[in-house]
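**Q** Under full-length UniProt numbering, the first residue of the sequence shown carries the number 1, and numbering increases by one thereafter.
Yeah, the Cβ is synthetic: ideal placement off N, Cα and C, and Gly gets one too.
Since this is a predicted model, take the numbers as computed values, not measurements.
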Amino acid sequence: MRAQLLVSSLMILVCLFLFILAQKSLSDPWIELALDREVNALLAESMVLQRKLSTHEPENEAEYRALYQRTREKLQHREVLLTTRDTIRRRYYWILSSTFALSLLLIAGFQFWYLRRRNLRLQILQRNLEKLAANDFALESVAGSKDLVGRIATMIAEAAEVMQANRKRLRYLENLEIWRDSARRIAHEIRTPLTAIRLELRQLVRGVVRGGGDRDQVLEEKQQSILEELARLSEFTDAFSSFAKLPAPQRKSEDLGRFLDEFAQIYEHAWTNMTVTVSVPPDPVRVSMDRRMVRQVIVNLANNSAKALGERTGSLDINLETRGGCAFIEVADDGPGMPEEMREIVFEPYVTGNPVGEGMGLGLAISRKIMLDHDGDITLIASHEGGTFFHVFLPLEPEGAEPSEK
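#1: Can you tell me whether DSSP reads GLY363 as helix, strand or coil?
#2: For the beta strand (DSSP E) containing MET274, name the first residue and the last one.
#3: Counting only beta-carbon atoms, is LEU104 nearer than 8 Å to chain B?
#4: Could you check the C-alpha separation between LEU148 and LEU106 for me, to the nearest Å?
#5: Would you mind stating whether VAL297 and SER367 have Cβ atoms separated by less than 8 Å?
#6: Have a look at HIS77, LEU18, TRP113, ILE20 and flag the residue whose alpha-carbon is nearest the alpha-carbon of ALA44.
#7: Sort LYS252, ARG117, PRO339, LEU396 by Cα distance to ASP290 and report the nearest one.
#8: Tell me whether PHE110 is buried or exposed, calling it buried when 16 or more other Cβ atoms sit within 10 Å of its Cβ.
#9: Here's the rule: buried if 16 or more other CB atoms are within 10 angstroms of the residue's CB, otherwise exposed. What is TRP271?
#10: Quick check on LEU139: does DSSP put it in helix, strand or coil?
#11: In three-state terms, what does DSSP make of MET289?
#12: Which of the three DSSP states is assigned to PHE328 in this structure?
#13: Look at the alpha carbon of PHE137 and the alpha carbon of ASN119, and state the distance between them as a whole number of angstroms.
#14: Quick check on ILE88: does DSSP put it in helix, strand or coil?
#15: Does the segment 330-350 come into contact with the segment 253-262, if we say contact requires no fewer than three beta-carbon pairs (one atom in each stretch) closer than 8 Å?
#16: Grab the span of the alpha helix (DSSP H) containing ALA382 for me, first residue to last.
#17: Could you tell me the alpha carbon to alpha carbon distance between TYR64 and ARG90, rounded to whole angstroms?
#18: Kindly indicate which three-state DSSP category LEU246 falls into: helix, strand or coil?
#19: Residues in its own chain within less than 7 Å of ASP375 by CB, not counting five upstream and five downstream?
#20: In the DSSP assignment, find the unbroken alpha helix (DSSP H) run with THR71 in it and report its ends.
#21: How many angstroms separate the CA atom of LEU345 from the CA atom of ILE197?
#22: Indicate the three-state DSSP secondary structure (helix, strand or coil) for THR55 in the structure shown.
#23: Return the bridge partner residues of ASN319 from the DSSP annotation.
#24: Since PHE390 and ILE381 should fall inside the 8 Å C-beta cutoff, what is the C-beta to C-beta distance between them, to a whole number of angstroms?
#25: Throw me the rounded Cβ distance for the ILE156 and ASN128 pair, which I believe falls under 8 Å.
#26: Ordered along the chain, which non-local residues of its own chain (more than five positions away) have a Cβ less than 7 Å from that of PHE347?
#27: What are the residues that DSSP puts in a beta bridge with GLY335?
#28: Please name the residue, chosen from GLY335, THR275, GLN250, CYS326, that lies closest to ILE378 on a Cα-to-Cα basis.
#29: Would you kindly work out how many angstroms separate the C-alpha atoms of THR99 and ALA108, rounded to a whole number?
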């Protein structure tokens with residue numbers, strides 16, 4: 001903007017200088033011609049002749065006297081003009097130059113205002129494009145819509161509306177697909193035990209009708225099978241409702257290192273295909289947490305690692321460290337990792353790599369909700385063929401704080 005203003009000022013000065021030169025070259029010859037001294041001499045000579053004629057022609061004396069008087073007045077006017085010629089010329093140049101300069105300044109001022117207004121509108125367009133790039137559809141309005149900038153702003157606004165509508169449509173379709181998949185899993189989870197129960201009841205009825213010496217044994221076996229399927233169905237409904245009715249954590253001041261040592265002792269033989277090792281610092285690491293809920297998070301991660309190993313054997317390393325005012329629980333296994341397409345959505349509900357009928361995909365979603373309720377979080381750091389690495393972190397209690405219930 002400053003460069004444009006400087007260029008405009010220089011152009012005004014150059015135009016004014018050229019205009020003065022042009023006016024001087026055009027007006028000076030006419031001024032010299034109009035105020036020629038020979039004309040004054042001729043007028044003086046004409047006055048002498050008119051006086052002589054009035055003497056020789058007395059009958060026309062009045063007419064010659066009037067003509068003489070007018071010629072004398074004209075000669076006096078010309079003498080005054082000749083005397084003040086330079087002053088008149090300077091005043092003429094000054095008025096003409098001032099008028100021309102004022103016109104140029106008005107034009108330059110309008111141009112400066114127009115350029116500044118256009119630059120401001122272009123800056124708004126740039127900010128709107130940056131917002132669109134960041135998926136922010138709260139665009140600023142641009143004044144004027146008939147010029148090029150206004151038409152571009154209108155096109156950007158229309159594109160934003162289309163993008164927003166498409167994004168809503170895409171989000172709806174994604175949610176619909178998630179719910180379709182979850183509905184399919186729910187139906188399978190419910191249908192499988194119900195089908196098994198129906199078959200068991202049918203066989204039970206047949207066994208009762210037929211009778212026989214082993215009827216009591218058949219009844220006991222069928223009862224056990226039905227109870228197992230009902231327990232499975234109950235476990236499924238409990239897992240489904242736990243995500244919707246997750247209780248608030250009952251937080252207390254705990255030593256996280258001691259908690260993890262106790263976890264290792266309790267769950268040392270919980271997974272037959274996986275060895276659990278825990279490493280904690282020697283000093284206490286005090287955090288405010290609900291022991292039961294944080295234990296649920298770590299158990300869920302361990303269960304996922306054990307399922308990923310399948311028939312193989314592996315290890316799960318749980319390390320505790322502190323930095324930046326937080327306690328980090330690093331949970332790493334040496335399993336096969338998870339598919340790349342799942343890494344971005346692994347914490348979303350109903351996302352699972354297990355076959356239909358083997359889990360709802362709520363474990364990591366529940367785990368993250370628990371950690372967020374603790375003012376912490378759980379993040380996937382890496383997952384590849386060498387294993388999967390999670391960070392579970394909690395804020396440390398301030399030093400010197402009394403261990404008390406939060």
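**A** Considering the structure as presented:
#1: Sequence index remark: in the sequence shown, residue 363 carries index 363 (1-based). Three-state DSSP puts GLY363 in a helix.
#2: Counting from 1 along the sequence shown, the entry for residue 274 is found at position 274. 274-279 is the span of the beta strand (DSSP E), which, as asked, contains MET274.
#3: Here there is only one protein chain, and chain B is not present.
#4: The count along the sequence shown starts at 1 and reaches residue 148 at position 148. The count along the sequence shown starts at 1 and reaches residue 106 at position 106. Each residue's alpha carbon lies about 24 Å from the other.
#5: The residue given as residue 297 occupies position 297 in the sequence shown. The residue given as residue 367 occupies position 367 in the sequence shown. For the pair VAL297 and SER367, the CB atoms are nearer than the 8 Å cut-off.
#6: One-based indexing of the sequence shown puts residue 44 at position 44. Each of HIS77, LEU18, TRP113, ILE20 was checked against the Cα of ALA44, and the nearest Cα belongs to HIS77.
#7: The residue labelled residue 290 in the question sits at position 290 within the sequence shown. Per the Cα distances, LYS252.
#8: Within the sequence shown, residue 110 is the residue found at index 110, counting from 1. Counting Cβ neighbours within 10 Å, PHE110 comes out exposed, since fewer than 16 surround it.
#9: The residue you call residue 271 lines up with position 271 of the sequence shown. The Cβ neighbour count for TRP271, taken over all protein chains shown within 10 Å, is at least 16; the residue is labelled buried.
#10: Against the sequence shown, residue 139 aligns to sequence position 139. Judged by DSSP in its simplified three-state form, LEU139 adopts coil rather than helix or strand.
#11: Mapped onto the sequence shown, residue 289 falls at position 289. When DSSP states are grouped into helix, strand and coil, MET289 belongs to the strand group.
#12: The residue labelled residue 328 in the question sits at position 328 within the sequence shown. PHE328 falls in the strand class under three-state DSSP.
#13: Taking the first residue of the sequence shown as 1, we reach residue 137 at position 137. Taking the first residue of the sequence shown as 1, we reach residue 119 at position 119. Rounded to the nearest angstrom, the two C-alpha atoms are 22 Å apart.
#14: Within the sequence shown, numbered from 1, the residue matching residue 88 stands at position 88. The answer is helix: DSSP assigns ILE88 an H, G or I state.
#15: The segment 330-350 is not in contact with the segment 253-262.
#16: Position 382 of the sequence shown, counted from the start, is the residue given in the question as residue 382. Not the alpha helix (DSSP H): ALA382 falls in the beta strand (DSSP E), residues 377-384.
#17: The sequence position of residue 64 within the sequence shown is 64, counting from 1. The sequence position of residue 90 within the sequence shown is 90, counting from 1. Roughly 39 Å between the two C-alpha positions.
#18: What you label residue 246 is simply residue 246 of the sequence shown in a count that begins at 1. Three-state DSSP puts LEU246 in coil, outside helix and strand.
#19: As a working note, residue 375 is residue 375 in the sequence shown. PRO395, listed in sequence order.
#20: Stepping through the sequence shown from its first residue, residue 71 is reached at position 71. Unbroken alpha helix (DSSP H) run through THR71: 61-83.
#21: Along the sequence shown, read from residue 1 onward, the residue named residue 345 stands at position 345. Along the sequence shown, read from residue 1 onward, the residue named residue 197 stands at position 197. The identity of residue 345 in the sequence shown is Ile, whereas the question assumes Leu. So the alpha carbons of these two residues sit roughly 35 Å apart.
#22: Position 55 of the sequence shown holds residue 55. The answer is helix: DSSP assigns THR55 an H, G or I state.
#23: The residue given as residue 319 occupies position 319 in the sequence shown. Bridge partners of ASN319: SER279, GLU330.
#24: Taking the sequence shown and counting its residues from 1, one reaches residue 390 at position 390. Taking the sequence shown and counting its residues from 1, one reaches residue 381 at position 381. Yes, they are in contact, since the Cβ atoms of PHE390 and ILE381 sit about 7 Å apart, within 8 Å.
#25: By one-based count along the sequence shown, residue 156 stands at place 156. By one-based count along the sequence shown, residue 128 stands at place 128. Contact flag correct, Cβ pair sits at about 6 Å.
#26: Along the sequence shown, one-based indexing puts residue 347 at 347. Result list for PHE347: LEU364, ALA365, ARG368, in chain order.
#27: Start at 1 with the first residue of the sequence shown, and residue 335 comes out as number 335. DSSP lists no partner for GLY335.
#28: Along the sequence shown, one-based indexing puts residue 378 at 378. If we check each option's Cα against that of ILE378, CYS326 comes out closest.
#29: Here residue 99 corresponds to residue number 99 of the sequence shown, with the count starting at 1. Here residue 108 corresponds to residue number 108 of the sequence shown, with the count starting at 1. The alpha-carbon atoms of THR99 and ALA108 are separated by roughly 14 Å.
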